[in-house]
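As you go down the protein sequences, you meet chains A, B, C and D in turn. For the first sequence, counting from 1, position 145 maps to 162 in my numbering; every step adds exactly one. For the second sequence, counting from 1, position 63 maps to 80 in my numbering; every step adds exactly one. For the third sequence, counting from 1, position 55 maps to 72 in my numbering; every step adds exactly one. For the fourth sequence, counting from 1, position 132 maps to 149 in my numbering; every step adds exactly one. Note that the Cβ used here is the ideal one computed from N, Cα and C, for glycine as well. Below is one structure, written out as structure tokens, with a few remarks after it.
Number of protein chains: 4
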Amino acid sequence: MEKPKQLHMSSQRLEGLGDGIFAVAMTILVLELHLPLVNGNTFADFIHSFKQDLWHGLLCYIISFVVLGIMWFGHRMMFEYIGRTNRHFIFLGVLFYMVVCLVPFSTRFLAANTLKWFAISVYALNLSLCNLTLYAQWMYGLRKKNLLHLEVPDEVQKEAKLSFLLSPVVYSIAIAFSFFIPQVSIAIFVITPVIYLLPNRLDKYLP
Amino acid sequence: MEKPKQLHMSSQRLEGLGDGIFAVAMTILVLELHLPLVNGNTFADFIHSFKQDLWHGLLCYIISFVVLGIMWFGHRMMFEYIGRTNRHFIFLGVLFYMVVCLVPFSTRFLAANTLKWFAISVYALNLSLCNLTLYAQWMYGLRKKNLLHLEVPDEVQKEAKLSFLLSPVVYSIAIAFSFFIPQVSIAIFVITPVIYLLPNRLDKYLP
Amino acid sequence: MEKPKQLHMSSQRLEGLGDGIFAVAMTILVLELHLPLVNGNTFADFIHSFKQDLWHGLLCYIISFVVLGIMWFGHRMMFEYIGRTNRHFIFLGVLFYMVVCLVPFSTRFLAANTLKWFAISVYALNLSLCNLTLYAQWMYGLRKKNLLHLEVPDEVQKEAKLSFLLSPVVYSIAIAFSFFIPQVSIAIFVITPVIYLLPNRLDKYLP
Amino acid sequence: MEKPKQLHMSSQRLEGLGDGIFAVAMTILVLELHLPLVNGNTFADFIHSFKQDLWHGLLCYIISFVVLGIMWFGHRMMFEYIGRTNRHFIFLGVLFYMVVCLVPFSTRFLAANTLKWFAISVYALNLSLCNLTLYAQWMYGLRKKNLLHLEVPDEVQKEAKLSFLLSPVVYSIAIAFSFFIPQVSIAIFVITPVIYLLPNRLDKYLP
Chain A
18 MEKPKQLHMS SQRLEGLGDG IFAVAMTILV LELHLPLVNG NTFADFIHSF KQDLWHGLLC
78 YIISFVVLGI MWFGHRMMFE YIGRTNRHFI FLGVLFYMVV CLVPFSTRFL AANTLKWFAI
138 SVYALNLSLC NLTLYAQWMY GLRKKNLLHL EVPDEVQKEA KLSFLLSPVV YSIAIAFSFF
198 IPQVSIAIFV ITPVIYLLPN RLDKYLP
Chain B
18 MEKPKQLHMS SQRLEGLGDG IFAVAMTILV LELHLPLVNG NTFADFIHSF KQDLWHGLLC
78 YIISFVVLGI MWFGHRMMFE YIGRTNRHFI FLGVLFYMVV CLVPFSTRFL AANTLKWFAI
138 SVYALNLSLC NLTLYAQWMY GLRKKNLLHL EVPDEVQKEA KLSFLLSPVV YSIAIAFSFF
198 IPQVSIAIFV ITPVIYLLPN RLDKYLP
Chain C
18 MEKPKQLHMS SQRLEGLGDG IFAVAMTILV LELHLPLVNG NTFADFIHSF KQDLWHGLLC
78 YIISFVVLGI MWFGHRMMFE YIGRTNRHFI FLGVLFYMVV CLVPFSTRFL AANTLKWFAI
138 SVYALNLSLC NLTLYAQWMY GLRKKNLLHL EVPDEVQKEA KLSFLLSPVV YSIAIAFSFF
198 IPQVSIAIFV ITPVIYLLPN RLDKYLP
Chain D
18 MEKPKQLHMS SQRLEGLGDG IFAVAMTILV LELHLPLVNG NTFADFIHSF KQDLWHGLLC
78 YIISFVVLGI MWFGHRMMFE YIGRTNRHFI FLGVLFYMVV CLVPFSTRFL AANTLKWFAI
138 SVYALNLSLC NLTLYAQWMY GLRKKNLLHL EVPDEVQKEA KLSFLLSPVV YSIAIAFSFF
198 IPQVSIAIFV ITPVIYLLPN RLDKYLP
């Protein structure tokens, strides 16, 4: 029996859906910010209400926004190599988007319970699941050769693996600290994105 | 009288609108999740509030997200064959998007009344209408030959019909059960997406 | 003095922004729907709460969604002829999007005050402004010949003018009726979109 | 050692993400508008509640929408010259989007405290940060020659610099006035967008 004509199934629309989902997830983070209620008109009044109502929320907003930006970058890099999709690849993509869309929720939870172990754990788990589902999608794409439109150099494969798996490891440490010194966990949330912003071995492949 | 020069009316922008609508509908599902109010700091306290405030909402979130992902896949597949649009096709598309955008509402309704027949019925009706309006759009496209940019093999037509009509049938059964054993209806909501994830006869057309 | 090299300024990104804005405006309509609070478990209980909490909101949702769909269609048609942009054209586009984004607000206002003259007037004014700003953008594009990538036939110009100006006229009548028989105004809101769905002289330009 | 094959890293997807973020940020401005509660049915009743509940919010909505529209235009112009991206450029982009997404928040804050120095300062600071982060991205792109796909004329560079830095200066003046005559600050917020809409030296590069 003759093999039926294959559809092209370009990855462009999945990328478009992903860009839309990241855009909305990043933007609705702001809906979680509480308006500070300023009683009085002095500088001290403003700082007081800022600290009480907004400070935790704003810190979590900035961390989550930058983390989502870094994930978007990883997702975007992946599609430099992967140019076509199939049902399983799209399903893995939907799983990734499903945990990405939970980030505004766990950010809100963390902002409301900043130093509590359960909020730190939920947040760390959520970010780890984002990385792991994206990694699963990447591994599937690497093995299905006809989804690729560019060969993936070994060095890129190694560096990508490191990038994908670094954060689940680091975030597990954050969970461990949350039971004893939760301040350390928050510090880890602040520092981890910075690591991803340092120069790395993938930069030489970029313009 | 000479026929006027036809516009091309590529389907790309309708696809873009659809991707945007799916992205927003999927993302605002998370706005419906209630923040669990944890009283105390023990594991038992967290599990208790998780069960009380979040469990139903999270289950409905996951079901709806995966179902919307599968519908997006169907919608995306359709445009491998359909490459142009006209006024009627776009109107059918708007109807489809209108019921897709109701999914966050019926999800919220189901999360608030998980085992009630009316919430189950509204949810099942909503998902069925999504499938039926997408099917109407597909049937219209199939018959308007100049909207197609690729011939649709008979096998694809049959399999697509089955996929489109399976879920309204299954969801009708869920409605029937909701009056007697609503747990079965919820089980149907969980299992139905899994059926769509199993290998099927369309896979051989994909990369 | 030599004329500087002109930028191409393709309209694609403005279309992308517009598709995004329509997608979000259509989707957040659903956030305005109140969850019906059903007391009891009988069919009568459900119908009662549906009528009380949801009926007005759902009717307004459907009207607004279809109206926004028709406006999107007009906006999409425009870009079959217009392929480039400049600062003034983009500014007129931003004005159009500004009133489009108000539709979820005036829809919510109408749902909360369905038969009140002020809610009907705000809604009718909002929809009229959408049509008028889109018309201004279209007229600007028609006169700036180097924004066009396809000549606009006279028949299309006439029919488009009619389409753009029909609804402000009809909605003015709705406002007039709102002071005496507001039910007529609501009927006008229901019927007007149907007029746009009837076959018209532009259809022969479409596939 | 041989230089590894460079990826193309077209800027299209970053533009898509940005269009999505602007679309959502502009649209959710409307979620901040309070529904006026009209007691009674006379024209005076409506005007009274409009003034009390909606007037400040609507003014801030219009200012913010137009300002975001102008920023979108600047962002869009930038990508007429810049056609590729790298990690640092995308990171600067994420910073820009992060402050853009805060605009709905500071708009809401200004609407709730229209003549208070702290709300005016937060709003002015937010808009200034939008301009400064976009300027940083532009400066980075200008210096990384291989991100450009079109040479940037000196005149464009000068005019762009002026456009980017005008608003931080003007908004600093608004902050200064907020402590003495806050009405002047609001007037500055209204007038500044108008300056950007006047003809300028970049117009001759546009169609």
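- Under the three-pair Cβ rule at 8 Å, the region 91-99 of chain D counts as touching the region 22-33 of chain C.
- Annotation for B:C118: no alpha helix (DSSP H) segment contains it, and DSSP assigns it neither H nor E.
- Our two residues, A:A40 and B:M43, have alpha carbons roughly 12 Å apart in a direct line.
- Think of a sphere of 7 Å around the beta carbon of D:N148: no beta carbon from chain A falls inside it, the nearest being about 19 Å out.
- Judged by DSSP secondary structure, A:V55 falls outside any alpha helix (DSSP H); it is assigned neither H nor E.
- Three or more Cβ pairs closer than 8 Å define a contact, and the region 124-133 of chain A meets that threshold against the region 44-58 of chain A.
- Taking 7 Å as the Cβ-Cβ cut-off, the region 80-96 of chain C approaches chain B at F82, V83, G86, W89, F90 and R93, given in chain order.
- Taking A:Y140 as the centre and dropping the five residues before and after it, the same chain places the C-beta of S123, T124, F126, L127 and F206 closer than 8 Å to its C-beta, in chain order.
- One finds L34, G37, I38 and V41 in chain D with Cβ atoms closer than 7 Å to the Cβ of A:A40, taken in chain order.
- Residue-level contact check: D:R101 touches chain A, since one or more beta carbons of chain A fall below 7 Å from its beta carbon.
- If you draw a straight line from the Cα of D:G86 to the Cα of B:I64, it is about 46 Å long.
- DSSP places A:R104 in the helix class (H, G or I) of the three-state scheme.
- Setting aside the 5 residues that flank it on each side, B:G158 is surrounded in the same chain by M95, Y98, I99, F106, L164 and L165, each with a C-beta closer than 8 Å to its C-beta; the list follows chain order.
- Using beta-carbon distances, C:N56 does not count as an interface residue toward chain D, since no partner is under 7 Å.
- Residue range W72 to Y98 is occupied by the alpha helix (DSSP H) that includes C:R93.
- Rounded to the nearest whole angstrom, the C-alpha separation of D:Q69 and B:S195 is 47 Å.
- Non-local C-beta neighbours of A:Y114 in its own chain, meaning closer than 6 Å and more than five positions away in sequence, comprise I38, ordered along the chain.
- Just so you know, the alpha carbons of D:V116 and D:L179 end up roughly 20 Å apart.
- Measuring C-alpha to C-alpha distances from C:Y213 to each of C:L182, C:T102, C:L146 and C:S138 identifies C:L182 as the nearest.
- The straight-line gap separating the alpha-carbon atoms of A:S66 and A:I137 is approximately 24 Å.
- Counting along the chain, C:E168 sits inside no alpha helix (DSSP H), nor does DSSP assign it H or E at all.
- C:C118 sits close to D:V47, with the two beta carbons spaced by under 7 Å.
- At a cut-off of 7 Å, the C-beta of D:L214 has a neighbouring C-beta in chain C.
- If you draw a straight line from the Cα of A:M88 to the Cα of A:L144, it comes to about 10 Å.
- Within the region 104-129 of chain B, the residues whose Cβ lies closer than 7 Å to some Cβ of chain C are R104, I107, F108, V111, Y114, M115, C118, L119, P121, F122, R125, F126 and A129, listed in chain order.
- Within chain B, no C-beta atom comes less than 8 Å from the C-beta of C:V211; the nearest is roughly 11 Å away.
- At a cut-off of 7 Å between beta-carbon atoms, A:V139 makes no contact with chain D.
- By the rule that beta-carbons nearer than 7 Å mark a contact, B:L151 does not touch chain C.
- A:I203 does not reach chain B, its nearest Cβ partner there being about 17 Å away, counting only Cβ pairs nearer than 9 Å.
- Any Cβ of chain B closer than 7 Å to the Cβ of C:L71 would place that residue at the interface, and such an atom is absent.
- Approximately 5 Å separates the beta-carbon atoms of D:D36 and C:L34; this is inside 8 Å, confirming the contact.
- A:R218 counts as exposed, since fewer than 16 other C-beta atoms from the protein chains shown sit within 10 angstroms of its C-beta.
- Look at D:Y222: its C-beta is under 7 Å from a C-beta on chain C.
- In the DSSP assignment, A:D36 falls within the unbroken alpha helix (DSSP H) covering Q29 to I45.
- Within the model, the alpha-carbon separation for A:V120 versus D:K221 is close to 45 Å.
- Between D:L179 and chain C, the shortest Cβ-Cβ separation is not below 7 Å.
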